[in-house]
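Have a look at the structure below before the remarks.
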Amino acid sequence: MGRFTLPRDLYHGKGSLEELKNLKGKRAIIVVGGGSMKRNGFLDKAKAYLEEAGMEVQIFEGVEPDPSVETVMKGAKQMQDFGPDWIVSMGGGSPIDAAKTMWAFYEYPDVTFEDLVVPFNFPTLRTKAKFCAIPSTSGTATEVTAFAVITDYKNGIKYPLADFNITPDVAIVDPELAETMPKKLVAHTGMDAMTHAIEAYVSTMNCDYTDPLALHAIKMIHSYLKDSYDGCMEARAYMHNAQCLAGMAFSNALLGIVHSMAHKTGAIFDNGHIIHGCANAMYLPKVIQFNAKNEVAANRYADIARFIGLKGNSTAELVDALVEELRAMNVSLDIPLGIKNYGPGGVIAEEGIVGEEEFLAKLPSIAENAIADACTGTNPRIPSVEEMAEILKCCYYDRPVEF
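Under our numbering, think of the first position of the sequence shown as 103, with each following residue one higher.
Pasting the structure below:
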């Protein structure tokens with residue numbers, strides 16, 4: 103038996119933020135990140151709409167990129183003291199992911215983080231509050247998913263949390279919020295969305311309900327991401343919808359080892375983080391080459407290639423065409439093709455932030471942790487630890503995967 107879960111209500115289009123004034127409740131807490139929502143006036147608008155709905159409003163600010171366990175616990179404490187019946191999170195994936203996890207600790211103060219990292223092991227939520235998510239970036243789609251990612255900085259590992267309980271009740275997909283994204287963020291979040299859609303389409307959990315969403319998202323991202331990157335706001339609005347469709351697909355079909363690898367390399371290196379969407383962009387072509395040794399996966403990659411208008415006389419040629427098209431997209435978006443050339447903030451650098459000696463020293467533990475990641479189980483071809491290490495080497499040196 104399959105399951106397909108989405109928010110009960112999704113409001114989309116310019117000005118849809120105003121729907122906040124129609125929420126019913128007594129108290130709301132708004133969870134936001136580093137300040138862009140405040141600087142661009144959206145936080146004040148959201149607060150005013152909630153107050154117009156008759157609610158007392160508090161704000162939790164300062165959720166960092168790659169939110170930490172400590173930030174989650176701090177936010178949960180504020181919720182426990184305030185007692186909101188609506189949790190409203192707005193911004194990128196980080197504040198929304200953090201707020202989802204705060205929600206669990208708010209309703210169940212005695213639950214442990216060790217409990218929550220077990221996939222689909224959350225307690226029943228909505229005993230105290232409902233959840234509204236409002237994305238300002240066009241990539242994570244956490245506003246429609248059953249996932250959150252929290253980082254434990256003590257061991258440098260990102261933990262993907264998975265449970266249908268944390269699928270928001272209401273999603274507001276207003277493209278006005280995405281118009282303020284910096285260029286690099288457009289590139290990284292856009293390729294994150296592309297990875298979501300492609301991994302969902304080839305996942306072993308794909309189904310008739312997720313396939314159309316994944317394919318249409320892939321086609322939209324292929325058509326509009328470069329124009330969005332170049333500053334076209336009409337394309338940016340299309341991308342805001344496309345990433346949401348990709349999220350609907352992967353929340354129900356799940357993901358694969360591109361994400362397993364990105365989760366385990368994101369915060370492990372000494373000189374800085376590898377930005378999640380950029381990691382996905384670098385790793386995706388290599389994983390396609392590895393997965394395409396599986397016939398079912400190869401045929402589905404060929405489906406994708408045909409759907410976006412690529413040419414090939416065989417399945418193998420279509421897979422190769424898809425790999426080359428994704429690499430060309432990375433080049434057009436100024437994304438490095440390998441970890442060795444990943445500079446600060448995702449810029450292309452002759453000598454990146456991850457030195458060869460450190461990479462090779464940490465490779466065995468990264469490979470083991472990636473195999474153990476929750477996303478690995480639905481990848482169409484399950485690698486051994488040794489194969490995972492070899493894929494990661496190919497990602498570091500930008501070499502094709504030929505095994």
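Glycine included, each C-beta is placed from N, C-alpha and C at the ideal position.
Please state whether the Cβ-Cβ distance between residue 558 and residue 236 is less than 9 Å. In the structure displayed, the chain extends from 103 to 505; residue 558 sits before or after that span and is not available.
Taking one C-beta from the stretch 313-320 and one from the stretch 273-285 each time, how about it: are there three or more such pairs within less than 8 Å? Not touching, per the Cβ criterion.
Taking Cβ to Cβ, would you say residue 362 is nearer than 9 Å to residue 340? Residue 340 is positioned such that its CB atom lies no closer than 9 Å to that of residue 362.
The stretch 253-272 touching the stretch 296-310, judged by at least three CB pairs closer than 8 Å: Judged by Cβ distances under 8 Å, the stretch 253-272 makes no contact with the stretch 296-310, as fewer than three pairs qualify.
Where does the unbroken beta strand (DSSP E) through residue 187 begin, and where does it stop? Here residue 187 belongs to no beta strand (DSSP E), and DSSP marks it neither H nor E.
Quick one: using the 10 Å Cβ neighbour count with 16 as the cut-off for buried, is residue 358 buried or exposed? Counting the other Cβ atoms within 10 Å of the Cβ of residue 358 gives 16 or more, which makes it buried.
Please name the residue in 269, 242, 411, 217 whose C-alpha comes closest to that of residue 233. It is 269.
Can the beta-carbon of residue 245 be found closer than 9 Å to that of residue 189? Inclusion of residue 245 and residue 189 in the CB contact set at 9 Å is not warranted, their separation being larger than that value.
Using the rule of at least 16 other Cβ atoms within 10 Å of the residue's Cβ for burial, across every protein chain shown, is residue 508 buried or exposed? Coverage of the chain is limited to positions 103 through 505, which leaves residue 508 absent and any answer about it impossible.
DSSP puts residue 128 in a beta bridge; with which residues? Beta-bridge pairing by DSSP links residue 128 to no other residue.
Using 8 Å as the threshold, is the stretch 196-214 in touch with the stretch 156-166, meaning 3 or more CB pairs across them? At 8 Å Cβ cutoff, the stretches touch.
Quick check on DSSP: helix, strand or coil for residue 235? Reduced to three states, the DSSP call for residue 235 is strand.
Cα-Cα separation, residue 447 to residue 462: Going from the Cα of residue 447 to the Cα of residue 462 covers about 22 Å.
Residues bridged to residue 339 (per DSSP): Note: residue 339 sits in no beta bridge, so no partner.
Minimum length 4: unbroken alpha helix (DSSP H) runs contained in the stretch 392-453: Segments of the alpha helix (DSSP H) lying fully in the stretch 392-453: 397-409, 417-434.
Does the separation of the CB atoms of residue 131 and residue 186 fall below 9 Å? Going by C-beta atoms, residue 131 is nearer than 9 Å to residue 186.
Could you give the first and the last residue of the continuous alpha helix (DSSP H) run that contains residue 462? Note, residue 462: alpha helix (DSSP H), 458-474.
Go ahead and pull the three-state DSSP assignment for residue 216. Residue 216 falls in the helix class under three-state DSSP.
Inter-residue spacing [alpha-carbon to alpha-carbon] between residue 419 and residue 413: Each residue's Cα considered, the two are about 8 Å apart.
Do you know whose CA, among 145, 182, 118, 349, lies nearest residue 301's CA? Nearest option by C-alpha distance: 349.
Excluding five sequence neighbours on each side, which residues of the same chain lie with their C-beta closer than 8 Å to the C-beta of residue 495? Shown here for residue 495: same chain residues with a beta carbon closer than 8 Å to its own, the five before and five after excluded, namely 465, 501 in chain order.
Considering only the alpha carbon of each residue, which of 335, 303, 254, 249 lies closest to residue 283? When C-alpha distances from residue 283 are compared across 335, 303, 254, 249, the shortest belongs to 335.
Beta-bridge pairing of residue 170 - partner residues as DSSP gives them: DSSP lists 253 as the beta-bridge partner residues of residue 170.
N-terminal and C-terminal residue of the beta strand (DSSP E) that residue 310 is part of: DSSP places residue 310 in no beta strand (DSSP E); its state is neither H nor E.
Please tell me whether residue 498 and residue 442 are closer than 9 Å, where the distance is taken between their beta carbons. Taking 9 Å as the Cβ cut-off, residue 498 and residue 442 qualify as a contacting pair.
Going by CA-CA distance only, name the one from 247, 375, 217 that's closest to residue 110. Checking every option, the nearest Cα to that of residue 110 belongs to 247.
Element boundaries [beta strand (DSSP E), containing residue 272]: Residues 272-275.
Using a 10 Å radius around the Cβ and a threshold of 16 neighbouring Cβ atoms, would you call residue 331 buried or exposed? Buried is the call here.
Who are the near neighbours of residue 423 in its chain, counting only those whose CB is closer than 6 Å to its CB and skipping five residues on each side? Annotation for residue 423: 407, 412, 414 place their beta carbon closer than 6 Å to its own, counting only its chain and skipping 5 residues before and after.
Alpha carbon of residue 445 to alpha carbon of residue 322, nearest angstrom: Straight through space, the alpha carbons of residue 322 and residue 445 are spaced by roughly 29 Å.
Excluding sequence positions up to five away, which residues of its chain have a Cβ less than 6 Å from the Cβ of residue 195? Sequence-distant Cβ neighbours of residue 195 in its own chain, meaning closer than 6 Å and more than five residues away, are 242, 244.
First and last residue of the uninterrupted beta strand (DSSP E) at residue 264: Segment 259-264, the beta strand (DSSP E) holding residue 264.
So the alpha helix (DSSP H) residue 492 belongs to, where does it begin and stop? For residue 492, the enclosing alpha helix (DSSP H) stretches over residues 487-499.
Cβ neighbour criterion (16 or more within 10 Å) applied to residue 175: Residue 175 counts as exposed, since fewer than 16 other C-beta atoms from the protein chains shown sit within 10 angstroms of its C-beta.
Nearest to residue 430 by alpha carbon, out of 240, 328, 224? The shortest C-alpha separation from residue 430 is found at 328.
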